[in-house]
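Data first, discussion second: the structure below is written as structure tokens.
Number of protein chains: 2
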Amino acid sequence: MRFGTVMRRRRAIALAGAGVVGVAGATAGVDAWLRASGDEPDNPAADAVPFYGEHQAGIVTAAQDRLHFVAFDVITDDRDRLVEMLRDWTAAAARMTAGKDAGVIGAVEGAPEAPPDDTGEALGLPPAQLTLTVGFGPSLFRDARGRDRFGIAAKRPPALADLPHFPGDALQPEISGGDLCVQACANDPQVAVHAVRNLARMGFGVVSVRYSQLGFGRTSSTSRSQATPRNLMGFKDGTANLKAEDGRLLDEHVWAQAGDGAPWMAGGSYLVTRKIRMIIETWDRASLAEQEAIFGRAKGSGAPLGKTGEFDEIDFSAKGADGQPLVPMDSHVRLAHPDHNGGARLLRRGYNFVDGSDGLGRLDAGLFFMAYQRDPRKQFVRVQTQLARNDRLNEYIRHVSSGVFACPPGVRGPDDYWGRTLFG
Amino acid sequence: MRFGTVMRRRRAIALAGAGVVGVAGATAGVDAWLRASGDEPDNPAADAVPFYGEHQAGIVTAAQDRLHFVAFDVITDDRDRLVEMLRDWTAAAARMTAGKDAGVIGAVEGAPEAPPDDTGEALGLPPAQLTLTVGFGPSLFRDARGRDRFGIAAKRPPALADLPHFPGDALQPEISGGDLCVQACANDPQVAVHAVRNLARMGFGVVSVRYSQLGFGRTSSTSRSQATPRNLMGFKDGTANLKAEDGRLLDEHVWAQAGDGAPWMAGGSYLVTRKIRMIIETWDRASLAEQEAIFGRAKGSGAPLGKTGEFDEIDFSAKGADGQPLVPMDSHVRLAHPDHNGGARLLRRGYNFVDGSDGLGRLDAGLFFMAYQRDPRKQFVRVQTQLARNDRLNEYIRHVSSGVFACPPGVRGPDDYWGRTLFG
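In order, the protein sequence lines correspond to chains A and B. Under our numbering, the residue at position 63 of the first sequence is numbered 63, and the numbers go up by one with no gaps. When you read off a place in the second sequence, starting at 1, and then add 1000, the result is the number in our numbering.
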């Protein structure tokens, strides 16, 4: 995030390989550049988020403003190569989230003709609160042909069940699923893109990009320090989201526990992704009254219908002068509410997207929904079953991609790596 | 751009239509919301850029960090409707660039069931330096079937010539051309997207979205107050760009003059767009020495090869110990330099893009090149002819879309409108 004054990434660049100096005489220039990097304005959005910990960062971390999500197919059957890549990824992620390069930029000593170990487009940019969060899809445990390529089929968590078909689903297989996923979030899209691109580069021969998605303007706050943002329908989204400050509730609703049937997932969480295309041209021609009745909230304030403040408790029993419920029976806020879903709650972390236009004169836009939870069978599936059947909003949206991933616990330190509890 | 503290858009929302209050009781909530909007931190990136002036904003305006570019087909043959839309667009653009809604959010008095005149997703966001810049494509003057639909064929500027075919062009017609274009730039993508979406909404029945493109991390600085950003090849891009401070040079190279053959364009400029896909997986496996030889600059500092500082003058005659030019004959910086193109200069204003992946395991990423100039025939076409023939970079890039647009002079005030000098 640049702001007139440009903040520069503090990092050590190794540009001193003999080959480079010989060609470019670049060393002195880099020194000058490094000298210019000393003074950064105090800007929390530019800071680093700790990478190591009990849980992976990027789940309860206060949601950053930009997303680059990528799903990979694993294209090798060699378990050792997969694990080696996960180790390399972990080391690179620790560096990049701290605002450093993925690896040495310049020529490695003795190999002046080697490609750089970092692609360079984030040089001079701050950490920008980059988080990288990895997940394992059901197909990693047993592929479409039924093979247990990596000897982990028996460790597949019961909670990592395939999602059922929901009414109205219009899923495109080529942008659904995936053996691995990486969620990169940052306050600068170039930092998020750089991280994903370098992981893809390092994974050459082991993984292949299946699909990727850019998002902006997060649609959920995950901390009480954040105001509730708006989705592309113009409504505040995520008012009642689980938040980082909800310690006990997080253990109940977000973090997998040792007794949940897959001990290696203790401290991890399950991610459900849904790309939800909005039919915004139709939506934009609906009246404000219709729009508010569909969401069950006022568009301006975000207040539940019949209330005045965004965070006022919803009164589902209140009726208007006409005897009808103020919050309609088929409104989104009613159908999605924990009270009507056996207490099921989600930690949502979605982003708006615009992917250009669709060739039919319409913007290809909507919500890339992401939600973390302890057990999708009891949480996302329960809520979505209700929404898919009854939500009036369905007239204006289409679910076009879907994914479910087991995100392992956090990396404890430099000797640990993403997936150690599964593969180690 | 949100930063922990959320800055809210100062705006008057009319949510007081009887229909709305009746349904939602929303007024009190909105009042509370407005009260919360008073204190914004002092942040230039959140400010408004003046809309009215001699030239359109968004050309020499210090380049913002985010882009939403859209090209439209005009789907009516009715000149009056087209002009009416341009008037409506101009009024909405003046409002939105000032941080206001495109129109009244709430129900219009007497029409409680009307759709809102603003889609709402930018509520609470600051102006974020939004600029909206409009351009007219060659097909507006005479369409593909040779028709002069709007009686303006005789006014087509000589400088608005169709671009020639360049060697290596791999253009996709469905993402090229366009009767009209709008360049929306802002420091918050949601603000840029909101603006384009509302113009598209207002243009219903008159225009249809032909293609649109999101970009981030501008690749050119257009003011000396900005540091040079990096493209997705990791190199600084735009070091020698024309800048806002280059007053006399701008008249010579950027602004159309009254004597140039189309008096209605005086004070306007011509925009060339090229979507340049990068073959980044191949690029990422090239050595640093190779990469630097291709650009002719050091990757870290941006210094010309053989020099030490980014802004050092390039010495095209310097030779290395091997007797070869330090800046190779087929390097990008040499071939694109004004000295080797009859003095031709451009004001570049491009953005990086990542459009997900391409279905072949690769990121679909690159540069959305945009350049403003007084006459593309003497500027872009001249430089690109040289680059297309000889640039070593061509091995790693592919031009997949192309557009050329006449961007009229600025709107002088509330009674003026985009295109008045052409249609009025």
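Cβ atoms here follow ideal geometry from the backbone N, Cα and C, with glycine treated the same way.
Can you tell me whether residue i is helix, strand or coil according to DSSP?
{"i": "G1168 (chain B)", "result": "coil"}
{"i": "Q1064 (chain B)", "result": "coil"}
{"i": "R79 (chain A)", "result": "helix"}
{"i": "L136 (chain A)", "result": "What sits at residue 136 (chain A) in the sequence shown is Phe, not Leu. Of the three classes helix, strand and coil, the one that applies to F136 (chain A) here is strand, per DSSP."}
{"i": "I1152 (chain B)", "result": "coil"}
{"i": "G247 (chain A)", "result": "helix"}
{"i": "Q190 (chain A)", "result": "helix"}
{"i": "I279 (chain A)", "result": "coil"}
{"i": "I397 (chain A)", "result": "strand"}
{"i": "D47 (chain A)", "result": "coil"}
{"i": "G1259 (chain B)", "result": "helix"}
{"i": "T1131 (chain B)", "result": "strand"}
{"i": "L347 (chain A)", "result": "strand"}
{"i": "R1145 (chain B)", "result": "coil"}
{"i": "V1182 (chain B)", "result": "strand"}
{"i": "Q379 (chain A)", "result": "coil"}
{"i": "F427 (chain A)", "result": "Given a span of 1 to 424 for chain A in the structure shown, any question on residue 427 (chain A) remains unanswerable."}
{"i": "R1230 (chain B)", "result": "strand"}
{"i": "Q56 (chain A)", "result": "coil"}
{"i": "V411 (chain A)", "result": "coil"}
{"i": "R1002 (chain B)", "result": "For R1002 (chain B), the predicted model reports a pLDDT of 32, less than 50, meaning its position is unreliable; a value from the coordinates is still stated below. Three-state result, R1002 (chain B): coil."}
{"i": "R8 (chain A)", "result": "With a pLDDT of 37 at R8 (chain A), under the threshold of 50, the predicted position of this residue should be treated as unreliable, though the coordinate-derived value follows. Of the three classes helix, strand and coil, the one that applies to R8 (chain A) here is coil, per DSSP."}
Based on the DSSP secondary-structure assignment, which residues constitute the bridge partners of residue i?
{"i": "T421 (chain A)", "result": "The partner list for T421 (chain A) (beta bridge, DSSP) is empty, contrary to what the question assumes."}
{"i": "V207 (chain A)", "result": "A:V74"}
{"i": "Y270 (chain A)", "result": "A:Q373 and A:A406"}
{"i": "S1301 (chain B)", "result": "Paired residue(s): none; S1301 (chain B) is not in a bridge."}
{"i": "L1326 (chain B)", "result": "DSSP, once it has assigned bridges, lists no residue as partnering L1326 (chain B)."}
{"i": "L1367 (chain B)", "result": "B:I1276 and B:N1352"}
{"i": "K319 (chain A)", "result": "A:P325"}
{"i": "Q213 (chain A)", "result": "A:F69"}
{"i": "K1100 (chain B)", "result": "Answer by DSSP bridge pairing: none, since K1100 (chain B) is not bridged."}
Do residue j and residue i count as a contact pair if the criterion is CB distance below 7 Å?
{"i": "Q386 (chain A)", "j": "L346 (chain A)", "result": "no"}
{"i": "A303 (chain A)", "j": "E292 (chain A)", "result": "no"}
{"i": "Q1129 (chain B)", "j": "C1407 (chain B)", "result": "no"}
{"i": "P1376 (chain B)", "j": "V1404 (chain B)", "result": "yes"}
{"i": "A102 (chain A)", "j": "N187 (chain A)", "result": "no"}
{"i": "A1266 (chain B)", "j": "P1157 (chain B)", "result": "no"}
{"i": "K1236 (chain B)", "j": "T1222 (chain B)", "result": "no"}
{"i": "A1093 (chain B)", "j": "L1140 (chain B)", "result": "no"}
{"i": "I276 (chain A)", "j": "G366 (chain A)", "result": "yes"}
{"i": "A1195 (chain B)", "j": "A1184 (chain B)", "result": "yes"}
{"i": "A179 (chain A)", "j": "G137 (chain A)", "result": "Note on residue identity: the sequence assigns Asp, not Ala, to residue 179 (chain A). Cβ distance < 7 Å, so D179 (chain A) and G137 (chain A) count as in contact."}
{"i": "V425 (chain A)", "j": "L305 (chain A)", "result": "As shown, chain A starts at 1 and ends at 424. That puts residue 425 (chain A) outside it, with no answer to give."}
{"i": "L232 (chain A)", "j": "S402 (chain A)", "result": "no"}
{"i": "P945 (chain B)", "j": "A1371 (chain B)", "result": "What is shown of chain B runs 1001 to 1424, which leaves residue 945 (chain B) out entirely."}
Buried or exposed, going by whether 16 or more other CB atoms sit within 10 Å of the CB of residue i?
{"i": "R285 (chain A)", "result": "exposed"}
{"i": "A1170 (chain B)", "result": "exposed"}
{"i": "K319 (chain A)", "result": "exposed"}
{"i": "G215 (chain A)", "result": "buried"}
{"i": "A1026 (chain B)", "result": "Note on A1026 (chain B): pLDDT 34, under 50, position unreliable in the model; no value is reported."}
{"i": "L360 (chain A)", "result": "exposed"}
{"i": "A240 (chain A)", "result": "buried"}
{"i": "T1119 (chain B)", "result": "buried"}
{"i": "D117 (chain A)", "result": "buried"}
{"i": "G1029 (chain B)", "result": "Any reading at G1029 (chain B) must be qualified, since the residue scores a pLDDT of 31, below 50, and its modelled position is unreliable; the value itself is stated next. Buried, since its Cβ has 16 or more Cβ neighbours within 10 Å."}
{"i": "G343 (chain A)", "result": "exposed"}
{"i": "S331 (chain A)", "result": "buried"}
{"i": "E121 (chain A)", "result": "buried"}
{"i": "P409 (chain A)", "result": "buried"}
Check whether the region 1083-1097 of chain B touches the region 200-213 of chain A, counting contact only when three or more Cβ pairs, one atom from each stretch, lie closer than 8 Å.
-> Touching, no.
Take every Cβ of the region 1264-1278 of chain B, pair it with every Cβ of the region 153-167 of chain A, and state whether three or more of those distances are shorter than 8 Å.
-> Judged by Cβ distances under 8 Å, the region 1264-1278 of chain B makes no contact with the region 153-167 of chain A, as fewer than three pairs qualify.
Contact between the region 1177-1194 of chain B and the region 1115-1129 of chain B: three or more CB pairs below 8 Å?
-> Result yes; three or more Cβ-Cβ pairs closer than 8 Å.
If you pair each beta-carbon of the region 1215-1225 of chain B with each one of the region 1064-1071 of chain B, do three or more pairs fall below 8 Å?
-> Contact between the region 1215-1225 of chain B and the region 1064-1071 of chain B is present, because at least three Cβ pairs lie under 8 Å.
Kindly confirm or deny that the region 383-397 of chain A and the region 332-342 of chain A touch, where touching means at least three C-beta pairs closer than 8 Å.
-> The region 383-397 of chain A is in contact with the region 332-342 of chain A.
So, do the region 390-397 of chain A and the region 243-257 of chain A have three or more beta carbon pairs nearer to each other than 8 Å?
-> Result no; under three Cβ-Cβ pairs closer than 8 Å.
Between the region 71-79 of chain A and the region 134-154 of chain A, do three or more beta carbon pairs fall short of 8 Å?
-> Output reads yes: the region 134-154 of chain A touches the region 71-79 of chain A.
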